[in-house]
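Position one of the sequence shown corresponds to residue 2 (the numbering used here), numbered consecutively onward.
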Amino acid sequence: MSEPSLAAGPTGRSAFVIGDPIEHSKSPDLHNAAFAAAGLPHEYGRIRAGVDEVGEVIAEMRRQRWLGLSVTMPDKEAVIAHLDRLTPSAELLGAVNCVMWDGDDLVGDNTDGAGLV
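Following this line, the structure appears as C-alpha cells:
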C-alpha cells in the first residue's frame, strides 16, 4: 500500500480512491472540486493498493474514520471480505466500488449498474 498522500486536519476529513494502477484516476480532481464548491474542508486522495493490500487499507480507514472509499480495479471483489456488510446491489454483482459508514459498520455498495443506466 502506498501511503495516503494527504491527511485532513482536525476540521476536515479524508476520502480516497484505491486500486492499482491508480495514478491516472481523475476522482481526486473531481471530488476535491466538489468539496471546495460546497465549502467543505475535506480532501480526497489516491492510494495505490493491490488485492493483497486491501485489508490494510480498510484497517486504516477504520482507525482514522475516513469519510469513505471509491474502489476500482483490481480491488472490487477483494474488498468484500473486509467489510461488515453489503448493499443488495453489491451482493448481486459480487463487487464493491463504494465503501461508506453506517454507524460503526463499513458497508460496500456498487453503483456501476446504476451509472450504466
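Ideal Cβ positions, reconstructed from N, Cα and C, are used throughout, including at glycine.
All values derive from a computational prediction rather than experimental measurement.
For residue 107, the enclosing beta strand (DSSP E) begins and ends at 106-110. By a beta-carbon distance limit of 8 Å, residue 18 contacts residue 73. Their separation comes to about 6 Å.
Non-local C-beta neighbours of residue 95 in its own chain, meaning closer than 7 Å and more than five positions away in sequence, comprise 78, ordered along the chain. Listed in chain order, the beta strand (DSSP E) elements of length 3 or more contained wholly in the stretch 45-85 are 69-72.
Scanning its chain for C-beta atoms nearer than 8 Å, with the 5 sequence neighbours on each side dropped, one finds around residue 112 the residues 90, 98, 99, in chain order. Only buried fits residue 44, as 16 or more other CB atoms lie within 10 angstroms of its CB. Pairing residue 69 with residue 101 gives a Cβ-Cβ distance under 8 Å. For the 8 Å CB-CB criterion, residue 48 and residue 81 do not form a contact. Here residue 108 really is in contact with residue 86; their C-beta atoms are around 6 Å apart, less than 8 Å.
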